[in-house]
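All residue numbers for the sequence shown refer to the working numbering, where the first residue is 1296 and numbers rise by one. By construction, the Cβ of each residue, glycine as well, lies at the ideal position given by its N, Cα and C atoms. Keep in mind the model is a prediction, meaning the values are calculated, not measured.
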Amino acid sequence: MKLSMTSFPSDKKMGETEKKFSVEEAKQVLDFHKTLDGYSETPLRRLDALAEKMGISGFYVKDESYRFGLNAFKAQGGSYALARIIAERTGGSIGDTASVPANSFTFVTATDGNHGRGVAWAAKNLSQKAVVYMPKGSSAERLENIRKLGAEAEITELNYDDAVRFAKQKADENGWILVQDTAWDGYEEIPTWIMQGYMTMALEAAKQLGDVTPTHIFLQAGVGAMAGGVTGFFSNYYEGRMPKMIIAETTEADCLFRTAKADDGTLHSVGGDLDSIMAGLCCGEACTIGWEILKHHADYFFSCPDYITADGMRVLGNPLERETKVVSGESGAVTTGLVYNLMTDDSLQAFREEIGLDENSVVLCISTEGDTDRESYRHIVWDGWYRNPNCCE
């Protein structure tokens, strides 16, 4: 597989969707998360030696492996969405769910692991039920982590997108509430709440950066919910001085890349088994809300083979002298791996020149997960799977 890139003529216009991802809205979301047990601001790692090694001015990584003790960022979206759902259905406030009887609601979702774990964690905190369906090939460790939180969970024989449809079917049959971090026509309110939940880490990062304004922000995408929500926030926060937004996907499920490359007003999907080590990004159908934001504000889309994220995992896990180690999983490290390859592989010179990466660049990445599948993490980092074939197109 080759690393591929496409540019997109984003117009930087502020649409109605982006208004839901304003700085003021993000502050309200952060205030909610601060009320939850286990909240603490996740660290923003400033990796100066790595920046110097790569030949850029600054490199920052937001480490979401510390989020609520769940080793990934997803609980931000699930917790905010569940609280909003209960408040809407009971007529209460988002911060007051103590009076809601236990097991009043059953929430159902499809996930490769992190989103389902976040929903299960949020449901347990609210004394409600959760049912989770996982696509074929999902990690047994991720399945057990969900079950440990009291949720009913199983690995299906379906790919991710079909597992989403199966979860919706079960919701319709049983009167459950679908809590999915993707959206389609007719199902957009709950995904919007999930996407708003992700703004907490973006607002934290912006505050932690202080007076530093990134020139480039790299975001990974599966369906594009996180990428869309965070891009929407930054388009508000950095209005008039917006960094270049670069989206990275796995080549096995690069629906946003294909949509941007076609630029024909149609969402393009990817079918089949979606077989990549980046399990959290193996989603073949784009989130409508996420794309609505990205089409206005994303500048470049990359389709990344597995070696890209494997390199990122090894780079972050084996830091240069005096720098902090970042344990970043397969879906968390792809953006760091992409920046590293762009800056150190001479065959990618045309790519880095087109996106404007040089000695003056300041880059922000988000490591969205830690070693959520520890066996896979060690095989990749220790045994050196997925080496760079030194090719591109």
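Status (buried if at least 16 other CB within 10 Å, exposed otherwise) for serine 1317:
buried
Check whether the Cβ atoms of glutamate 1587 and glycine 1624 lie closer than 8 angstroms to each other.
no
Can you list, in chain order, the stretches of the alpha helix (DSSP H) that have 4 or more residues and sit fully within the stretch 1359-1427?
1370-1385, 1409-1420
How long is the line joining the alpha carbons of glycine 1372 and valine 1518, rounded to whole angstroms?
Each residue's alpha carbon lies about 14 angstroms from the other.
Determine contact between the stretch 1301-1319 and the stretch 1587-1606, defined as no fewer than three beta-carbon pairs at a distance below 8 angstroms.
yes
Run of the beta strand (DSSP E) containing arginine 1340, from where it starts to where it stops:
1339-1341
Determine the direct distance from the alpha carbon of alanine 1376 to that of leucine 1611, and round the result to whole angstroms.
31 angstroms
Below 8 angstroms, can you find three or more Cβ-Cβ pairs linking the stretch 1598-1610 to the stretch 1621-1641?
Yes: the two stretches touch, three or more of their Cβ pairs being nearer than 8 angstroms.
Per DSSP, which one or two residues make a beta bridge with serine 1299?
Answer is Ser1598, bridged to serine 1299.
Identify whether alanine 1516 lies in helix, strand or coil by the three-state DSSP scheme.
coil
Using the Cα positions of glutamate 1259 and arginine 1362, report the straight-line distance between them to the nearest angstrom.
Here the chain covers residues 1296 to 1688 and nothing more, so residue 1259 does not appear.
Excluding the 5 residues preceding and the 5 following asparagine 1366 in the sequence, name in chain order all residues of the same chain whose CB lies nearer than 6 angstroms to its CB.
Ser1360, Gly1665, Thr1667
I need the DSSP call for tyrosine 1334, collapsed to helix, strand or coil.
coil
Got a sec, what are the start and stop residues for the beta strand (DSSP E) isoleucine 1441 sits in?
Not the beta strand (DSSP E): isoleucine 1441 falls in the alpha helix (DSSP H), residues 1435-1442.
Going by DSSP, what residue range makes up the beta strand (DSSP E) through serine 1662?
1657-1662
Cysteine 1582 to tyrosine 1482 span [Cα, whole Å]
10 angstroms
Hey, could you find the ends of the beta strand (DSSP E) alanine 1448 is sitting in?
1447-1450
Contact between the stretch 1297-1305 and the stretch 1641-1657 is defined here as three or more beta-carbon pairs at a separation below 8 angstroms; is this criterion met?
yes
Isoleucine 1485 versus Ala1378, Leu1345, Ser1598, residue with shortest Cα-Cα distance
Out of Ala1378, Leu1345, Ser1598, Ala1378 has the C-alpha closest to the C-alpha of isoleucine 1485.
Mind checking whether glutamate 1544 and alanine 1516 have CB atoms under 8 angstroms apart?
For glutamate 1544 and alanine 1516, yes; Cβs fall inside 8 angstroms.
Thinking glycine 1353 and valine 1657 are a contact (beta carbons under 8 angstroms), I'd like their distance in whole angstroms, please.
Glycine 1353 to valine 1657, Cβ: 4 angstroms. Contact.
Run through DSSP, which three-state label would tryptophan 1471 get?
Coil at tryptophan 1471, not helix or strand.
Whose CA, out of Asp1358, Tyr1355, Ser1374, Leu1345, lies closest to the CA of lysine 1329?
Ser1374
Looking at leucine 1504 and lysine 1322, is the spacing between their C-beta atoms short of 8 angstroms?
no
Do you know offhand how far arginine 1617's Cα is from alanine 1344's?
8 angstroms
Tell me which residues share the same chain as tyrosine 1533 and place their Cβ nearer than 7 angstroms to its Cβ, disregarding the 5 neighbours each side in the sequence.
Thr1508
Which two residues bound the contiguous beta strand (DSSP E) that contains isoleucine 1541?
First-last of the beta strand (DSSP E) with isoleucine 1541: 1539-1545.
Threonine 1495: buried (16+ other C-beta within 10 angstroms of its C-beta) or exposed?
buried
How far does the alpha helix (DSSP H) with cysteine 1550 in it extend, from its first residue to its last?
1550-1557
Going by beta-carbon coordinates alone, are glutamate 1452 and lysine 1431 separated by less than 8 angstroms?
yes
Please decide whether alanine 1344 counts as near chain C, where near means a Cβ-Cβ distance under 8 angstroms.
Protein chains in the displayed structure number just one, and chain C is not present.
Shortest alpha-carbon distance to alanine 1466 belongs to which of Gly1523, Phe1402, Phe1513?
It is Phe1402.
Residue of Gly1524, Val1474, Asn1469, Leu1615 minimising C-alpha distance to glycine 1492:
Gly1524
Keeping to the same chain, check which residues put their C-beta closer than 6 angstroms to that of isoleucine 1710; ignore five residues upstream and five downstream.
The displayed coordinates of the chain run from 1296 to 1688. Any statement about residue 1710 would go beyond what the structure contains.
Could you tell me the alpha carbon to alpha carbon distance between valine 1565 and glutamine 1464, rounded to whole angstroms?
21 angstroms
When you compare only the Cα positions, how much space is there between alanine 1548 and cysteine 1599?
10 angstroms
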